[in-house]
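Undergrad: Residue numbers (the numbering used here), protein chains in the order written: chain A, 1 to 111; chain B, 1 to 113.
1) Anything in chain A within Cβ reach of residue 133(B), meaning under 7 Å, just list it in chain order.
2) Looking at the secondary structure, which residues open and close the beta strand (DSSP E) in which residue 92(B) lies?
3) Indicate whether at least one CB of chain A lies closer than 8 Å to the CB of residue 27(B).
4) Is there a Cβ of chain A sitting closer than 8 Å to that of residue 90(B), yes or no?
5) Just verifying my parser: in three-state terms, what is the DSSP assignment at residue 84(A)?
6) If contact is defined by three or more beta carbon pairs under 8 Å, each pair taking one atom from either stretch, is the stretch 83-93 of chain B in contact with the stretch 106-113 of chain B?
7) So residue 40(B) contacts chain A; which residues on that side make the cut at Cβ distance below 7 Å?
8) Put residue 83(B) into one of helix, strand or coil per three-state DSSP.
9) Which residues of the stretch 34-47 of chain A have a Cβ closer than 9 Å to any Cβ of chain B? Give them in chain order.
10) List the endpoints of the continuous beta strand (DSSP E) containing residue 43(A).
11) If contact is defined by three or more beta carbon pairs under 8 Å, each pair taking one atom from either stretch, is the stretch 53-72 of chain A in contact with the stretch 8-18 of chain A?
12) Among 7(B), 17(B) and 66(B), which residue has its Cα nearest to the Cα of residue 24(B)?
13) Please state the DSSP three-state secondary structure of residue 18(A).
14) Contact check, residue 34(A) vs residue 88(A) under 8 Å by CB: the rounded distance?
15) To the nearest angstrom, how far is the alpha carbon of residue 10(A) from that of residue 2(A)?
16) Would you mind giving the Cβ-Cβ distance between residue 50(B) and residue 44(B), rounded to the nearest angstrom? I have them listed as a contact below 8 Å.
17) Is residue 74(A) close to chain B? Criterion is C-beta to C-beta, closer than 8 Å.
18) Throw me the rounded Cβ distance for the residue 78(B) and residue 63(B) pair, which I believe falls under 8 Å.
19) Would you list the residues sitting across from residue 35(B) in a DSSP beta bridge?
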């Protein structure tokens, strides 16, 4: 049973518009949440994170929102660029240093 | 980029043969991890290490063993490879619990025929 879920396998967005990637989780013991971006034939790269005591964290074009009561987080990319086309993984930390990943969402930004 | 090197990067092996994947880091990070990536499953933890000779099982550890005799090296061994172990394997490292991020290597593509 997946503890971290990304229910949209894929998402297409027009260049310049907002991309919203969603993630749901079931384990209330998660204390940190992260987003990773992965290009084909490369390892995942860290994008942005948020502590469970926060509800928003922003870094340039990327903003992560956390709704603890709904056990839901989302990644907003504004404006979306063709180079943002990749697979995005949501991840959560538990037990100090274990990280659980979702199945990923493939984002396609269309020019 | 984090100093993580995985070897081999690509390997084709036959069912029943042993295979060892190596992860080498130059960051002196305490924690090291092995994940596998499969379609529909994302990244699943196989084993992890929290120090030299200190390892523990992850979500999908059956059929795999690990060893860490030095801080910089973390080995993943498939004792007798099966077709279900065809996957992309990623090593990751993390500095400490104070740093809430893990960094990945570039992956090792393993095909078991």
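The beta-carbon is built from N, C-alpha and C at its ideal position, and this holds for glycine as well. Keep in mind that this is a model prediction, so the values were computed, not measured.
TA: Reading off the structure:
1) Outside the modelled stretch of chain B, which goes from 1 to 113, sits residue 133(B), for which no answer is possible.
2) 87-94
3) no
4) yes
5) helix
6) yes
7) 103
8) helix
9) 34, 36, 38, 41, 42, 43, 44, 45 and 46
10) Segment: none, residue 43(A) is in no beta strand (DSSP E) and carries neither H nor E.
11) no
12) 7(B)
13) coil
14) That belief does not hold up - the Cβ atoms of residue 34(A) and residue 88(A) are roughly 11 Å apart, past 8 Å.
15) 18 Å
16) About 19 Å; that fails the 8 Å criterion.
17) no
18) 6 Å
19) 45(B) and 90(B)
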